[in-house]
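For reference, the structure discussed in these notes is given below.
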Amino acid sequence: MRINLKVPFAEKDEAKKLGARWDAARKLWYVEGKADLSPFARWSPSPHDGAAAPATAVKATGRKMEASSLVIVGSSYRACQPVCECPPWEVCPRCEAISFPHPASAGARA
Numbered sequence: 046m047r048i049n050l051k052v053p054f055a056e057k058d059e060a061k062k063l064g065a066r067w068d069a070a071r072k073l074w075y076v077e078g079k080a081d082l083s084p085f086a087r088w089s090p091s092p093h094d095g096a097a098a099p100a101t102a103v104k105a106t107g108r109k110m111e112a113s114s115l116v117i118v119g120s121s122y123r124a125c126q127p128v129c130e131c132p133p134w135e136v137c138p139r140c141e142a143i144s145f146p147h148p149a150s151a152g153a154r155a
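Mapping of the sequence shown onto the working numbering: residues 46 to 155, in sequence order.
Set out below in structure tokens:
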């Protein structure tokens with residue numbers, strides 16, 4: 046089982062001598078497969094730090110946050126079914142009737 050540690054930079058050499066390893070991707074120290082964790086107790090993170098979570102939970106949390114991103118819809122939102130296959134940021138002759146006028150071209154038409 047992997048346990049992430051909160052090791053201050055000044056104490057990194059001592060943690061390394063005790064068997065802690067550095068995770069360069071996450072930029073933290075951890076201990077894995079140790080039966081006796083008492084030498085690492087002072088670097089044990091508090092439960093709400095998030096650093097105590099196992100590596101798999103950190104990855105799952107990242108995916109969960111990505112998947113649960115909110116789309117905020119403003120008061121001017123108008124849902125439209127696509128009329129053609131052109132990208133939404135381009136306006137072709139087929140979808141011109143349902144598109145919003147571009148601010149630059151709106152001044153030119155007035």
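For glycine and all other residues, C-beta sits at the position ideal for the given N, C-alpha and C.
- Between the alpha carbons of Ala65 and Cys129 lies a distance of about 58 Å.
- Less than 8 Å divides the Cβ of Leu50 from the Cβ of Ser89.
- Distance from the CA atom of Ala69 to the CA atom of Pro53, rounded to whole angstroms, is 15 Å.
- The Cβ neighbour count for Trp134, taken over all protein chains shown within 10 Å, is under 16; the residue is labelled exposed.
- In the structure shown, Trp74 adopts extended strand secondary structure according to DSSP, grouped into three states.
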